[in-house]
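Colleague: Residue 47 in my numbering is what sits at position 41 of the sequence shown, and the numbering runs on without skipping anything.
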Amino acid sequence: MTSTIKLPRRFRFTLSQSLTIIGLVITLGCIAIALFAPTLQDIGWLQDPTEGLANPVDEAPGADYWFGTTRQGYDVFSRTLFGTQAALKVVVLATTISLILGVPLGLVSGYLGGKIDKVLIFFMDTIYTLPGLLLSVTLAFVVGQGVLNAALALSIAYIPQYYRIVRNHTTSVKTELFIEAAQAMGAPTSRILSRYLFFNVIQSVPVLFTLNAADAILILGGLGFLGLGLPPEVPEWGHDLRLALDALPTGVWWSATFPGLAMTTMVTGLSLVGEGLGDMLNSGIRK
């Protein structure tokens, strides 16, 4: 006779919570890989991702090269792990820049209204109507390659999203009684924006931040595939996929498979975290 152990109800996770935990584990794992990849290289556990002359060409995955080698002689395992570092650098920088610019503009526009609001709405809507990838490709072509340049090219497409969500919340919150009380007591505009409005309209921003980060990884991969992302000497998944195209017809599948899987995994993890945060926020509002 067998018996089953049932967890108390408070320890049971819903499907959404379980997926959020999975996404959080994936995201934290990617961050850990990005942080410790240089250390692993220093102690000899990872090869130099830019070293190709010392390795055989198109070597299949095995004991010596876990993910195989590329036609250029690069170790795919090393470049895949270091690609995590490059992706996080650009994506975090891009989403942070767009957040720093979009949130204050949304606060000012929603609170002050008038001509400033109309001008900003027109400008942001113009940017928002352009496809994100097309806009990023155009800007990357203008500013050139590099971590900061790629981050700037990506961030422009996300500023209107932060602006719109913060502005809409600000226009509804500014009519609340506590805002009117602060105005009646003579509180300056800067104090009302920073102390009373900011923390009441910022709740949805973390959700947008994670979802934008997931989208930015895909766009960065597209820029790298087109040769407009990071410099060629920097390990980056999109660039590696571009290099793998010539080898695919000859049966060399590993040089494209593992960078593609790494990109897909990180995007999935960030998307799950973003969706989970959104569900938590919505359930909190319903309560």
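Positions of the beta carbon are idealized from the N, C-alpha and C atoms, including for glycine.
Leaving out the 5 sequence neighbours to the left and right, which residues in its chain are closer than 8 Å to Met266 when beta-carbon positions are compared?
Modeller: Checking the sequence shown, residue 266 turns out to be Gly, not Met. Contacts found: Trp243, Leu247.
Colleague: In this structure, how does DSSP classify Thr181 when only helix, strand and coil are distinguished?
Modeller: Residue state, collapsed to three classes: coil.
Colleague: My guess is that Arg77 and Ala253 are in contact by the Cβ rule of under 8 Å, so how many angstroms apart are they, rounded?
Modeller: Going by Cβ atoms, the distance from Arg77 to Ala253 rounds to 5 Å, so yes, they are a contact pair.
Colleague: Compute the Euclidean distance between the alpha carbons of Val273 and Ser161, then round it to the nearest angstrom.
Modeller: Rounded to the nearest angstrom, the two C-alpha atoms are 17 Å apart.
Colleague: With burial defined as no fewer than 16 other Cβ atoms inside 10 Å of the residue's Cβ, what is the status of Ile165: buried or exposed?
Modeller: It is buried - the Cβ of Ile165 has at least 16 other Cβ atoms within 10 Å.
Colleague: Is Thr75 helix, strand or coil when you go by DSSP?
Modeller: Three-state DSSP puts Thr75 in a strand.
Colleague: Reducing DSSP to helix, strand and coil, say where Asp285 ends up.
Modeller: Note: Asp285 maps to helix in three-state DSSP.
Colleague: For Asp81, which of helix, strand or coil comes out of DSSP?
Modeller: Three-state result, Asp81: strand.
Colleague: Would you call Gln53 buried or exposed, if buried means 16 or more other Cβ atoms sit within 10 Å of its Cβ?
Modeller: By the neighbour-count rule (16 or more Cβ atoms within 10 Å), Gln53 is buried.
Colleague: What do you get for Ser84, buried or exposed, if any count of 16 or more other CB atoms within 10 angstroms of its CB means buried?
Modeller: Per the 10 Å Cβ criterion, buried.
Colleague: Exposed or buried, which one is Thr256 when buried takes at least 16 other CB atoms within 10 Å?
Modeller: Looking at its Cβ environment, which holds fewer than 16 other Cβ atoms inside 10 Å, Thr256 is exposed.
Colleague: Looking only at its own chain, which residues have a Cβ that is under 6 Å from the Cβ of Gly227, when we skip the five neighbours before and after it?
Modeller: Counting only Cβ-Cβ distances below 6 Å, and skipping sequence neighbours, we find Trp243, Gly244, Met269.
Colleague: Considering only their Cβ atoms, is the gap separating Asp64 from Thr75 smaller than 8 Å?
Modeller: Against a cut-off of 8 Å, the Cβ pair of Asp64 and Thr75 comes out as a contact.
Colleague: Decide if the segment 167 to 187 is in contact with the segment 110 to 128; the criterion is three or more beta carbon pairs, one per stretch, under 8 Å apart.
Modeller: Yes, the segment 167 to 187 is in contact with the segment 110 to 128.
Colleague: Would you kindly check if the distance between the Cβ of Gln167 and the Cβ of Gly235 is under 8 Å?
Modeller: Not closer than 8 Å, so no.
Colleague: According to DSSP, simplified to helix, strand and coil, what is Ser115?
Modeller: Looking at Ser115 - three-state DSSP - the assignment turns out to be helix.
Colleague: Go through its chain and collect everything with a Cβ distance to His175's Cβ below 6 Å, but skip five positions before and after it.
Modeller: Cβ neighbours of His175 beyond the five flanking positions: Val207.
Colleague: Taking only the alpha-carbon atoms, compute the straight-line gap between Thr8 and Tyr202 and give it to the nearest angstrom.
Modeller: Legend: pLDDT at Thr8 = 47, less than 50; position of this residue unreliable, no value from coordinates given.
Colleague: Could you work out which residue in Val153, Gln23, Ile39, Leu46 is closest to Val97 when comparing CA atoms only?
Modeller: Val97 has its Cα closest to that of Val153, out of Val153, Gln23, Ile39, Leu46.
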